[in-house]
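Read through the structure below, which is laid out as structure tokens, and then see the notes.
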Amino acid sequence: AALANNNTTKVLDLGCNPINGVGWGAFSQLVCNGSSVKETYSSNHTLHHLCTSASDTTEFPNGLVHSLRLNRSNNKCDAARKKILACHFQATNMNLQEIV
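Here the sequence shown stands for residues 28 to 127, numbered as in our numbering.
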């Protein structure tokens with residue numbers, strides 16, 4: 028909950044803490060809450076890197092990796108807009124690149 032409204036933390040070092048699929052899902056929800064457009068817009072757009080000493084990062088959900096990459100932009104409104112388009116309008120036949 029502390030990271031939800033945090034607009035300064037860009038890198039989080041998780042150290043040797045074991046993170047399972049549920050934990051990675053919570054981080055995914057943090058950086059891109061897809062429950063509604065409003066929640067996606069209100070998601071954390073600052074955190075862009077999770078450091079872990081775990082050698083196996085295959086449990087990282089694709090959506091988490093994508094959202095962290097979007098957060099690397101210095102333009103948080105741009106990151107929010109791209110997350111909203113990807114999360115809520117992906118299934119349509121529209122060409123999203125035209126409006127991104």
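By construction, the Cβ of each residue, glycine as well, lies at the ideal position given by its N, Cα and C atoms.
Predicted model, so just to flag it, every value in this text is computed and none were measured.
What is the DSSP secondary structure of residue i, counted as helix, strand or coil?
i          : result
residue 72 : coil
residue 59 : coil
residue 43 : coil
residue 77 : strand
residue 97 : helix
residue 31 : coil
residue 20 : Since the first and last residues shown for the chain are 28 and 127, residue 20 lies out of range.
Using a threshold of 9 Å, state whether the C-beta atoms of residue i and residue j are closer than that.
i           : j          : result
residue 80  : residue 43 : yes
residue 74  : residue 33 : yes
residue 55  : residue 88 : yes
residue 69  : residue 58 : no
residue 72  : residue 98 : yes
residue 111 : residue 38 : no
Can you tell me which residues form a DSSP beta bridge with residue i?
i          : result
residue 38 : 76
Touching by the beta-carbon criterion (3+ pairs, under 8 Å), the stretch 44-52 and the stretch 92-102: At 8 Å Cβ cutoff, the stretches do not touch.
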